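Chemist: Below you will find the structure I want to go over with you.
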Amino acid sequence: MSNNSRKRREALVYHAKPKPGKIEVVPTKKYASQRDLSLAYSPGVAEPCLEIEKDKENAYKYTTKGNLVAVISNGTAVLGLGDIGPEASKPVMEGKGLLFKIFADIDVFDIEVDTKNVDAFIETVKNIAPTFGGINLEDIKAPEAFEIEKRLKEELDIPVMHDDQHGTAIISAAALLNAVELAKKKMSKVKIVVSGAGAAAVSCTKLYKLLGAKPENIVMLDSKGVIRKDRPNLSEEKLEFATERDLNTLDDAMKGADVFIGLSIADILSPEMLESMAKRPIVFAMANPNPEIDYQLAMDTRKDVIMATGRSDHPNQVNNVLGFPFIFRGALDVRATKINEEMKMAAVKALAELAKEPVPEQVNIAYGETRLNFGPEYIIPKPFDPRLIAKVPPAVAQAAMDSGVARQDITDWQKYEDELLERMGSDNKITRLLMQRAKTNPKRVIFAEADHLDVLKAAQIVHDEGIATPILLGRREVINELMQEIDFDADVEIIDPKSDEEKDKLQRYAEAYFDTRNRKGVTLYDAQRLMRERNYFAAMMVNVGDADALLSGYSRAYPTVVKPMLQLIGMAKGVSRVAATNVMNTSRGPVFISDTSINIDPSAKDLAKIAQLTARTVKLFGMEPVMAMLSYANFGSSDHPQARKVKDAVSYLHRYHPDLLVDGELQSDFALNREMLQSKFPFSKLAGKKVNTLIYPNLDSANSAYKLIKELNNTDSIGPIMMGMKKPVHVLQLGASVEEMVNMAAVAVVDAQEKEKAEKAKK
């Protein structure tokens, strides 16, 4: 099966399993008892109904209306698929709903309308509008899209936005503001060529005019060439941008141009056209999936070009997800009656300003950068920037208030910003950041049990996604058979330690191991025998540099896999205790739990060491550790040795590592409930802080806690992450899922990246 066929099958399975679709409705109130149900429905539900009857605004108080957006389409202009109909557009609309939720915590109902008639479409949307706080129009073909949006904005009292028009316009306008500044030019003087005349192109160009671009300096082209005043039968939208200049082709228009805006087709812009542009040209080639000119070709052609594309694998991605979730968030939070030009411009300026601010380490880490700085390769924020939620919605909300379309004012802006940041605790952002970072510099990762189907599936995903270069260990004939079964036909290295082909390598590893252990009772024969075991063989591969990292443990008990890692790899310099932590992607954000796998009953000093190791790991993920040392007691309430050892560990850390934000001993509810902790123990270093790291007093409690959270709440877990090892080796939990193994492969890659960086720093 071809790679395209496999990708197609994966996409279909993703949307179909474990249950069809990508979004669902989840109750937000208790429903366990008859009393709960009588409040949720009859007779209790009558009370909010009567309150809303008195004042329709009460719908925002008693229902989900204020956080509910409709994503509506008739399927006439879907992605790059065209007019495929309303049913076929539904997966895209569900996907849009997913993005609304994970980036701005906005709930969505997707609605597919079976009509191409403009009046019927508008009437349908108007009739269902009372349900929603906002309307996101999607994938509706031009020119009908212009009329639909215009009339709905006029006739409804809730925000309406056609994202295909305005999303790209807002993001590209922010990028253009910064690009023009970097090119040391003025918006009022730059000559702009727009390739494309669809909804997005028209909306972009209108917004550029609001930024100060002059109509006489703009040339727009469609499939017939330059749109000129003397061309007959021009639509109202095209007529606005028709030029009186004697130009016919893109080649003509590009001579001396300062800016190229591409919203058309791939490879339409030639190197010769780029050469003919003015000094320090600005090129936004936004056709997807392939831009109007290849990024590298453009950079090779003009060293002074400032370039953006719609692709994530190049700098300056013009990605709509930077805009629509946050614009609607701000609009909903002030109950705006519309999204007007002032609000869109506020989003433009907020995005442009954010690109000039110092970039958080979390973002640098995610994109594999030493330091992202405002410049030609960074003119707009990255999609994973956690500051977007706190920067753009307040700007949009303020603009709504200033322009008179807000029905509810925000007075405490700091409180509002805190609320926005709290909303973002519920998604798997840390996993996306981890994957992104791994892909910036993939490493060779050994999958030591590749003759198991799930392990091989994980290796396939890791390979296909560019997270790592997998090395497959196990019985060759079994691996080949399984690879055929899952259509894994990539050219990857397969090693069977027991085969004749690996005799020389096995002997070399055995001798290397014997040299390090010959005074510890290990004979050369012992070393040769051990090297036939895959975990010893894999560990030596990493030790001698034939691989960068390894994963094992899927099919074997944890202690039996840890033993060879400790014997062959050993602890990092300065480390006296190894430990393991798990990252739990909880509804309150990522929570690190230690020690989940190794230390059965650590002493006070061991606990302190575990806390230090965990703090370093938390920082590896771009977060600042806020650590609670857990116990059944609170701050000396028990003098039992188990409680006292936690207290002693905290005292040690406070004395020798005062820079660490850590406190205890604490019960877990006090650690996780800021209000309770502040109320009862205001003296604590953690009072008023959001704890993200829990250090448990023993293995029983830590291991049980992370597995309870994982199973009861269906929470994603990354781990166990081994801490304190000399090389990047990580031991999976027995029977780990494919997803967990993929996550751990990314951890292993990032671990290898960091260790490589540390080695280079020493030199």
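Note that the numbering used here has the sequence shown beginning at 899, numbered continuously upward.
Ideal Cβ placement from N, Cα and C applies to all residues, glycine included.
A quick note: this is a predicted structure, and the numbers were derived from the prediction, not measured.
1) In this structure, does DSSP put residue 1531 in helix, strand or coil?
2) Would a C-beta distance cut-off of 9 Å place residue 1620 and residue 1452 closer than the cut-off?
3) Leaving out five residues on either side along the sequence, give the residues of the same chain with a beta carbon under 6 Å from the beta carbon of residue 1099.
4) For the 8 Å Cβ check, are there 3 or more pairs between the region 1571-1586 and the region 1300-1308?
5) Identify every run of the beta strand (DSSP E) within the region 1612-1647, keeping only runs that are complete inside it and at least 3 residues long; order them along the chain.
6) Enumerate, from N- to C-terminal direction, the unbroken alpha helix (DSSP H) stretches of 4 or more residues contained entirely within the region 979-1015.
7) Quick one: complete beta strand (DSSP E) runs, 3+ long, within the region 1291-1379?
8) Taking only the alpha-carbon atoms, compute the straight-line gap between residue 1643 and residue 1178 and give it to the nearest angstrom.
9) Report the rounded CA-to-CA distance for residue 1361 versus residue 1457, giving the unit in angstroms.
10) Which whole runs of the alpha helix (DSSP H) in the region 1057-1122 are 4 residues long or more, in chain order?
11) Out of 1276, 1310, 1253, 1275, point me to the one whose CA is closest to residue 1285's CA.
12) Which residue wins for smallest C-alpha separation from residue 928, given the options 939, 912, 955?
13) In whole angstroms, give me the CA-to-CA distance for residue 1068 and residue 1500.
14) My guess is that residue 967 and residue 1034 are in contact by the Cβ rule of under 8 Å, so how many angstroms apart are they, rounded?
15) So, with DSSP's three-state summary, where would you put residue 1561?
16) Applying the 10 Å Cβ sphere with the 16-neighbour rule, what's the burial state of residue 998?
17) Terminal residues of the continuous alpha helix (DSSP H) containing residue 1457?
18) Within its chain, find whatever has a CB closer than 7 Å to the CB of residue 1030; leave out the 5 residues flanking it on each side and keep chain order.
19) Between residue 1466 and the rest of its own chain, which residues show a CB-CB distance below 7 Å, the 5 nearest in sequence each way excluded?
20) Verify whether the separation of the beta carbon atoms of residue 1120 and residue 1039 is less than 9 Å.
21) Is the region 986-996 close to the region 900-920, with three or more CB pairs under 8 Å?
22) Going along the chain, which residues of its own chain have a beta-carbon closer than 6 Å to the beta-carbon of residue 1511, five neighbours each way excluded?
23) How about residue 1248 and residue 1032: do their beta carbons lie closer than 9 Å?
24) Rounding to the nearest angstrom, what Cα-Cα distance links residue 955 and residue 1306 in this structure?
25) Specify the secondary structure class of residue 1207 as computed by DSSP and reduced to three states.
26) Considering residue 1228, what are the terminal residues of the alpha helix (DSSP H) in which it resides?
27) What separation, rounded to the nearest whole angstrom, lies between the Cα atoms of residue 908 and residue 1637?
28) Give the range of the beta strand (DSSP E) segment to which residue 1476 is assigned.
29) If you measure between the beta carbons of residue 1061 and residue 1036, is that distance less than 9 Å?
30) With a threshold of 8 Å (Cβ to nearest heavy atom), would residue 1022 be considered close to the ligand SAH?
31) Between which two residues does the beta strand (DSSP E) harbouring residue 1488 extend?
32) Judging by CA-CA distance, which residue of 1492, 951, 1236 is the nearest neighbour of residue 1516?
33) Excluding the five sequence neighbours on either side, which residues of its own chain have a C-beta within less than 8 Å of the C-beta of residue 1574, listed in chain order?
34) Quick one: Cα of residue 1509 to Cα of residue 1166, how far?
35) Express the C-alpha separation of residue 1634 and residue 1355 in angstroms, rounding to a whole number.
36) Can you look up residue 1602 in the DSSP assignment and give me helix, strand or coil?
Modeler: Considering the structure as presented:
1) Coil, per DSSP.
2) It is not a contact, given that the beta carbons lie outside the stated cut-off.
3) These residues qualify, in order along the chain: 1092, 1161.
4) No: fewer than three Cβ pairs fall under 8 Å.
5) Whole beta strand (DSSP E) segments, 3+ residues: 1614-1621, 1627-1629.
6) Fully enclosed alpha helix (DSSP H) runs of 4 or longer: 984-1002.
7) 1341-1345, 1366-1371, all fully within the region 1291-1379.
8) Spanning the two alpha carbons is a distance of roughly 42 Å.
9) Distance between the alpha carbons of residue 1361 and residue 1457 is about 28 Å.
10) Correct list: 1061-1080, 1097-1108.
11) Among 1276, 1310, 1253, 1275, the Cα nearest to that of residue 1285 belongs to 1253.
12) Here the closest residue by C-alpha is 939.
13) Straight-line measurement puts the Cα of residue 1500 at about 55 Å from the Cα of residue 1068.
14) With a beta-carbon spacing of about 6 Å, residue 967 and residue 1034 fall inside the 8 Å limit used to define contacts.
15) Looking at residue 1561 - three-state DSSP - the assignment turns out to be strand.
16) Burial check for residue 998: the Cβ neighbour count within 10 Å reaches 16 or more, so the residue is buried.
17) Segment 1456-1466, the alpha helix (DSSP H) holding residue 1457.
18) Here the set comprises 963, 966, 967, 968, 1056.
19) Result list for residue 1466: 1411, 1434, 1437, 1438, 1441, in chain order.
20) Judged by beta-carbon spacing, residue 1039 lies beyond the 9 Å limit of residue 1120, meaning their Cβ atoms are not closer than that value.
21) Touching, yes, given that three or more Cβ pairs across the two stretches are closer than 8 Å.
22) Around residue 1511: 1477, 1621, 1622.
23) It is not a contact, given that the beta carbons lie outside the stated cut-off.
24) Residue 955 and residue 1306 have their alpha carbons spaced roughly 10 Å apart.
25) In the structure shown, residue 1207 falls within a strand segment according to DSSP collapsed to helix, strand and coil.
26) Following the DSSP letters along the chain, one finds residue 1228 inside the alpha helix (DSSP H) bounded by residues 1222-1231.
27) Roughly 14 Å separates the two Cα atoms.
28) In the DSSP assignment, residue 1476 falls outside any beta strand (DSSP E), carrying neither H nor E.
29) A Cβ-Cβ contact shorter than 9 Å links residue 1061 with residue 1036.
30) Of ligands this structure carries none, so the ligand SAH is not represented either.
31) Run containing residue 1488: 1487-1492, per the beta strand (DSSP E) assignment.
32) From the listed residues 1492, 951, 1236, the smallest Cα separation to residue 1516 is found for 1492.
33) Excluding residues within five positions, the ones whose Cβ falls inside 8 Å are 1567, 1568.
34) Taking C-alpha positions only, residue 1509 is separated from residue 1166 by approximately 57 Å.
35) Distance between the alpha carbons of residue 1355 and residue 1634 is about 12 Å.
36) In the structure shown, residue 1602 sits in a helix (DSSP, three-state: H, G or I).
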